[in-house]
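Peer 1: In the working numbering, the protein residues as written are 61 to 438. C-beta: ideal position from N, C-alpha, C; glycine also. I have a structure here, written as structure tokens, and I will follow up with some questions on it.
So, in structure tokens, the structure goes:
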């Protein structure tokens, strides 16, 4: 029996196969992990030129208040996230996360103010749970609609020049701007954002037009198709969390070093303080700090330290203090990089800790994040 038969396929599945992609199961989808060039070359191409990723497995959701008023949709969603959505300007996007009653993270997401409604992008692995969560908690006030659209990401220093050949106005967009446009005569939604640490764009496309638009972009000599392998190494170098690895229902936003994503309006002294699940713990940690912290980790030598490796305060492995959540080789850094959680007593940059790898305790230095400087257009 073919195990891949049960996997979902994105609208670009056939294109991936035609490009020679190696496909793997990911979040219930058959997805490209790499193409013939390989992960290393794909990673470096994105850092220097422009990489194109299929992220259509993610959920694209419209949240529209039954009243038709944006303000009502924003306040409804604010009851589920510790983020200022009411103050989000039209055509702007903001990072956020659903929290649970214990103050931990159910999923992280991107939230956009579009006209009279919200456009929300959620992780593929949490898509069904997120939809049920929205329906259960704000479905009486809002219509929740999962869109049938493709989503691609064009990332890298050449991305703006490439996309400007199809739509000149894209050059004027700033980081986290979102605009409706026509690409190759197809109505698309473009955000100047992404998850690589590079300048770039995410493009929502009608499913039946996805191959046409994507092939048009891939015709450009600076653009190369990039798989999930390089996507992971790019976001790790950029210090960006992967849900299910670095953040989940055992981590609070403050432990995860995501304080920057919680605006003043929702904090203890803000105009709409609290009112979201787990606000007691989260507001307390914002004021007093958390007991542990997500940090960057730089192993000595060339051997990568992978996720789930235990961290110790000593070279003998007697005092366990934490765990690596993501780790691998950073092609741009030219060495291994990782992230993980340690007590605040060991969270300062330069602190030496040890990771257990195949029975040995390898020295690792706590490092500031990100490992590479972002190139977002502010």
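Spatial neighbours of residue 322 within its chain, please: C-beta separation below 6 Å, excluding the five flanking residues on both sides.
Peer 2: Here the set comprises 142.
Peer 1: Tell me the rounded alpha-carbon separation between residue 430 and residue 168.
Peer 2: Taking the straight line joining both Cα atoms gives about 18 Å.
Peer 1: Taking residue 437 and residue 235 to be in contact with their CB atoms under 8 Å, please state how far apart those CB atoms are, rounded to whole angstroms.
Peer 2: Sure, about 5 Å apart at Cβ, within 8 Å.
Peer 1: Would you tell me roughly how many angstroms separate the C-alpha atoms of residue 96 and residue 81, rounded to the nearest one?
Peer 2: One C-alpha to the other measures close to 7 Å.
Peer 1: Within the segment 329 to 367, note down every full beta strand (DSSP E) run reaching 3 residues or more, in order along the chain.
Peer 2: Qualifying beta strand (DSSP E) stretches, in chain order: 352 to 359.
Peer 1: Which of the three DSSP states, helix, strand or coil, is assigned to residue 205?
Peer 2: Reduced to three states, the DSSP call for residue 205 is strand.
Peer 1: Using the Cα positions of residue 259 and residue 219, report the straight-line distance between them to the nearest angstrom.
Peer 2: Taking the straight line joining both Cα atoms gives about 7 Å.
Peer 1: Quick one, which of 194, 134 and 136 has its alpha-carbon nearest residue 119's?
Peer 2: Checked all of 194, 134 and 136; the closest Cα to residue 119 is 194.
Peer 1: Would the beta-carbon of residue 158 fall within 8 Å of that of residue 140?
Peer 2: Yes, these two residues count as a Cβ contact at 8 Å.
Peer 1: With DSSP as the reference, identify every bridge partner of residue 242, one or two as the case may be.
Peer 2: According to DSSP, residue 242 bridges with 247.
Peer 1: Under DSSP, the beta strand (DSSP E) around residue 170 begins and ends at which residues?
Peer 2: Unbroken beta strand (DSSP E) run through residue 170: 165 to 174.
Peer 1: Closer than 6 Å by C-beta to residue 61: which residues in its own chain qualify, once you throw out the five before and the five after it? Chain order, please.
Peer 2: Note that residue 61 scores a pLDDT of 40, beneath 50, so its modelled location is shaky; the value from the coordinates is reported in the next line. Excluding sequence neighbours, residue 61 sits near nothing in its chain.
Peer 1: Output yes or no for whether 8 Å exceeds the beta carbon distance between residue 170 and residue 256.
Peer 2: No, these two residues do not count as a Cβ contact at 8 Å.
Peer 1: How far does the alpha helix (DSSP H) with residue 220 in it reach, from first residue to last?
Peer 2: Residues 219 to 224.
Peer 1: Following the continuous alpha helix (DSSP H) through residue 101, name the residue where it begins and the one where it ends.
Peer 2: Segment 99 to 108, the alpha helix (DSSP H) holding residue 101.
Peer 1: Roughly how many angstroms lie between the CA atoms of residue 416 and residue 377, to the nearest whole one?
Peer 2: So the two alpha carbons sit approximately 7 Å from each other.
Peer 1: What separation, rounded to the nearest whole angstrom, lies between the Cα atoms of residue 94 and residue 105?
Peer 2: Roughly 13 Å separates the two Cα atoms.
Peer 1: For the pair the segment 265 to 277 and the segment 147 to 162, tell me if three or more CB-CB distances fall below 8 Å.
Peer 2: The segment 265 to 277 is not in contact with the segment 147 to 162.
Peer 1: Would residue 79 and residue 290 qualify as a contact pair, given that the criterion is a beta-carbon distance under 8 Å?
Peer 2: Contact flag unset, no.
Peer 1: Tell me which same chain residues have a C-beta within less than 6 Å of the C-beta of residue 424, skipping the five on either side of it?
Peer 2: Around residue 424: 357, 359, 413 and 415.
Peer 1: With DSSP run on the structure shown, which of helix, strand or coil describes residue 291?
Peer 2: Helix, per DSSP.
Peer 1: State the DSSP-derived secondary structure class of residue 326, mapped to helix, strand or coil.
Peer 2: It is helical.
Peer 1: Confirm, please, whether the CB-CB distance from residue 71 to residue 116 is below 8 Å.
Peer 2: Yes, Cβ-Cβ distance for residue 116 and residue 71 is below 8 Å.
Peer 1: Does the Cβ of residue 208 have 16 or more other Cβ atoms within 10 Å, making it buried, or fewer, making it exposed?
Peer 2: Residue 208 should be labelled exposed.
Peer 1: Leaving out the 5 sequence neighbours to the left and right, which residues in its chain are closer than 6 Å to residue 411 when beta-carbon positions are compared?
Peer 2: Correct list, in chain order: 426.
Peer 1: May I ask you to list the residues that DSSP assigns as paired with residue 177?
Peer 2: 174, per the DSSP bridge assignment.
Peer 1: Determine the direct distance from the alpha carbon of residue 213 to that of residue 203, and round the result to whole angstroms.
Peer 2: Looking at the two C-alpha atoms, the distance is approximately 27 Å.
Peer 1: So residue 400 and residue 384 are supposed to be a Cβ contact under 8 Å. How far apart are they, rounded?
Peer 2: Confirmed, about 4 Å.
Peer 1: Can residue 273 be considered in contact with the ligand MG, in the sense that its beta carbon sits closer than 7 Å to one or more heavy atoms?
Peer 2: Among the components modelled here there is no ligand, and therefore nothing to report on the ligand MG.
Peer 1: Nearest-angstrom Cα distance between residue 229 and residue 223?
Peer 2: Going from the Cα of residue 229 to the Cα of residue 223 covers about 9 Å.
Peer 1: Please state the DSSP three-state secondary structure of residue 124.
Peer 2: Three-state DSSP puts residue 124 in a strand.
Peer 1: So which of 185, 182, 147 and 393 has the shortest CA-CA distance to residue 293?
Peer 2: Of the listed residues, the one whose Cα sits closest to residue 293 is 393.
Peer 1: Of all the options 238, 69 and 100, which has the alpha carbon lying nearest to the alpha carbon of residue 388?
Peer 2: Taking only the C-alpha atoms, the option nearest residue 388 is 100.
Peer 1: Could you tell me which of 367, 340 and 200 sits nearest to residue 137, measuring between CA atoms?
Peer 2: For the residues 367, 340 and 200, the minimum Cα distance to residue 137 belongs to 200.
Peer 1: By Cβ distance below 7 Å, which residues in the same chain neighbour residue 345 in space, the five residues on each side in sequence not counted?
Peer 2: Cβ within range, chain order: 312 and 314.
Peer 1: Which of helix, strand or coil does DSSP assign to residue 78?
Peer 2: In the structure shown, residue 78 sits in a helix (DSSP, three-state: H, G or I).
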